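Okay, so the sequence shown: first residue is 87 according to the numbering used here, each after it adds one.
For glycine and all other residues, C-beta sits at the position ideal for the given N, C-alpha and C.
Predicted model, so just to flag it, every value in this text is computed and none were measured.
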Amino acid sequence: MKITLFTSNQPRHLHLAAALAQLADDVNVICEVNTVFPGKVQDFFKKSDVMQRYFGNVIAAERRLFGDIRFLPGNARILAIKHGDLNLLEKRQLADALEADLYVVFGASYIRGWLVDFLVDHGAINIHMGISPYYRGSSCNFWALYDDRPGYVGATIHMLSKGLDSGDMLFHCLPRLMDGDSPFDFTMRAVAAAHHGLCRAIRDGSIFEMERVKQDRTKEIRYTRNADFTDEVAEEFLRREYVIEEGDLVYPDLLHPIFY
């Protein structure tokens with residue numbers, strides 16, 4: 087099997103690439119590069135003291151679960167591009183990656199133009215870090231906790247669509263709360279659940295046969311953009327010293343949920 091992955095370069099993204107390399111003969115990884123020091127270096131998120139504190143927690147949780155940045159296995163080839171350049175690429179530049187049995191999108195920028203047309207036509211799978219249709223857009227699991235809805239933290243495995251996170255759903259993946267979990271551990275564990283659920287569905291072949299369920303947009307709670315995650319919002323959340331208890335986990339209606 088040949089898999090093409092559109093992703094980024096943080097440890098969680100590299101973890102998925104390595105996991106897919108264990109399932110496939112060849113993996114082509116189109117990797118959009120951001121700083122690996124968010125909050126400390128001006129990039130996708132602004133550089134500030136509060137962002138440095140917030141993302142210090144994110145990085146620590148990510149490394150506890152996924153380790154550090156790393157090299158990938160020999161059967162995973164990387165094409166590294168600057169974040170924001172993806173939609174400028176031409177077909178000839180991606181030719182090798184456009185002959186796959188499965189296309190996966192996780193943590194890539196918003197795909198437009200000929201590329202999204204190609205991927206939608208070829209049944210690409212998207213990992214949305216958030217429980218659709220309730221939370222859509224950017225930083226959804228943060229906003230679920232901000233709204234005091236820890237049962238809405240998770241991931242949606244769905245078909246890629248031309249609209250943001252609006253494709254037909256296949257299943258949901260949710261984290262189990264472990265003793266000592268901080269909110270950052272819990273939301274990062276949702277990423278691990280998504281990787282586990284997707285890889286399991288690829289391994290047993292069910293990913294190619296699952297029923298596709300349309301999203302009910304009337305159930306949407308929040309649609310957020312990157313610009314909504316401000317210093318003031320991050321500071322307020324940090325001041326709360328948020329603690330998740332097992333009894334807080336009230337779940338919405340879920341589609342074939344996988345807990346991990």
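Annotated three-state conformation of lysine 168 is strand, per DSSP.
Between serine 195 and glycine 216, the CB-CB gap reaches or exceeds 8 angstroms. When the Cα atoms are used, threonine 304 and tyrosine 221 turn out to be separated by approximately 12 angstroms. According to the DSSP secondary-structure assignment, isoleucine 213 is paired through a beta bridge with Phe192 and Ile243. Runs of the alpha helix (DSSP H) lying entirely within the region 239-304, each at least 4 residues long, are 269-289 in chain order. A Cβ-Cβ separation of about 12 angstroms leaves leucine 231 out of contact with proline 261 under the 8 angstroms criterion. Look at leucine 335 here: in three-state DSSP terms it is coil, with no helix or strand label.
Nearest to leucine 246 by C-alpha distance, out of Gly237, Asp265, Asp182 and Ile211, is Ile211. Only residues of its own chain outside the window of five on either side were considered, and among them Arg156, Leu158, Pro159 and Ala162 have a CB closer than 8 angstroms to the CB of alanine 104, listed in chain order. Straight across, the Cα-Cα distance linking isoleucine 213 with arginine 325 is about 30 angstroms.
In this model, threonine 121 and glutamate 331 are separated by some 33 angstroms (Cα to Cα). For lysine 88, the secondary structure class from DSSP, reduced to helix, strand or coil, is strand. The shortest C-alpha to C-alpha distance from isoleucine 344 to any of Tyr309, Leu284 and Arg311 is the one to Leu284. Under the 10 Å beta carbon count, glycine 153 is surrounded by fewer than 16 other beta carbons and is classified as exposed.
Boundaries for asparagine 143: no beta strand (DSSP E) harbours it, while the alpha helix (DSSP H) harbouring it runs 135-152, taken from the DSSP string.
By the Cβ rule, the region 181-197 counts as touching the region 111-121, because three or more pairs are nearer than 8 angstroms. Contact annotation: lysine 248 and valine 206 have beta-carbon atoms nearer than 8 angstroms.
In this structure, glutamate 321 sits near valine 136, with a CB-CB distance shorter than 8 angstroms.
Rounded to whole angstroms, the separation of the alpha carbons of serine 225 and leucine 172 is 21 angstroms. About 6 angstroms separates the beta carbons of valine 239 and phenylalanine 272, which is inside the 8 angstroms limit, making them a contact pair.
Ranked by Cα distance from aspartate 265, the options Arg275, His258 and Phe257 are led by Arg275.
Scanning Leu91, His342 and Arg308 for the CA closest to the CA of alanine 186 turns up Leu91.
When beta bridges are read from the DSSP output, phenylalanine 345 appears opposite Leu260. Per DSSP, the unbroken beta strand (DSSP E) holding arginine 222 starts and ends at 221-223. Between the alpha carbons of alanine 110 and glutamine 138 lies a gap of roughly 37 angstroms. Setting aside the 5 residues that flank it on each side, histidine 282 is surrounded in the same chain by Tyr346, each with a C-beta closer than 6 angstroms to its C-beta; the list follows chain order.
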